[in-house]
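Heads up: the structure comes next, in structure tokens.
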Amino acid sequence: MDNNSRESVINELQNSFEHLMTKYNIEDIGVFEEEGAKDLYHMGYTIRKDGKSYMIHTPYIKKDDGRLENGNSEWTIETDEPNSEDVSGFKGLDEALNSI
Numbered sequence: 001m002d003n004n005s006r007e008s009v010i011n012e013l014q015n016s017f018e019h020l021m022t023k024y025n026i027e028d029i030g031v032f033e034e035e036g037a038k039d040l041y042h043m044g045y046t047i048r049k050d051g052k053s054y055m056i057h058t059p060y061i062k063k064d065d066g067r068l069e070n071g072n073s074e075w076t077i078e079t080d081e082p083n084s085e086d087v088s089g090f091k092g093l094d095e096a097l098n099s100i
């Protein structure tokens with residue numbers, strides 16, 4: 001599995017902004033990151049599309065030296081809407097983005 005610094009993961013995410021905005025008609029995009037329980041670290045995108053906000057992320061495993069190792073390849077979509085639940089299990093970023 002890849003073992004990357006947090007900064008390299010962020011750089012990779014940022015380098016895809018323009019492409020993703022054009023391909024998926026996204027209004028605004030930024031980096032999402034959140035420390036999870038134990039050694040989990042979630043990284044992905046904060047997206048605004050059709051006036052709604054989404055956090056789309058995949059898990060990484062934070063190693064003792066601070067580097068991040070790819071977790072499973074599944075993506076999760078969260079919204080900031082109070083009555084909606086997270087949707088997990090997307091097999092790739094394209095599948096997740098196509099669902100919104």
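All residue numbers for the sequence shown refer to the working numbering, where the first residue is 1 and numbers rise by one. Each residue gets a CB set at the ideal place from its N, CA and C atoms; glycine is no exception.
- Task: Using beta-carbon positions only, say whether residue 58 and residue 44 come within less than 9 Å of one another.
- Result: If you number the sequence shown from 1, residue 58 lands on position 58. If you number the sequence shown from 1, residue 44 lands on position 44. Cβ atoms of residue 58 and residue 44: closer than 9 Å.
- residue 53 versus residue 90: straight-line alpha-carbon distance, rounded: Indexing the sequence shown from 1 puts residue 53 at position 53. Indexing the sequence shown from 1 puts residue 90 at position 90. So the two alpha carbons sit approximately 18 Å from each other.
- Tell me whether residue 40 is buried or exposed, calling it buried when 16 or more other Cβ atoms sit within 10 Å of its Cβ. Position 40 of the sequence shown holds residue 40. Counting Cβ neighbours within 10 Å, residue 40 comes out exposed, since fewer than 16 surround it.
- Message: Please report the distance separating the alpha-carbon of residue 14 from that of residue 31.
- Response: Residue numbering aside, residue 14 sits at position 14 when the sequence shown is read from its first letter. Residue numbering aside, residue 31 sits at position 31 when the sequence shown is read from its first letter. For residue 14 and residue 31, the distance between alpha carbons rounds to 7 Å.
- Task: Please determine, among 70, 87 and 92, the residue with the shortest C-alpha to C-alpha distance to residue 8.
- Result: Here residue 8 refers to the residue found at position 8 when the sequence shown is read from its first residue. The shortest Cα separation from residue 8 among 70, 87 and 92 belongs to 70.
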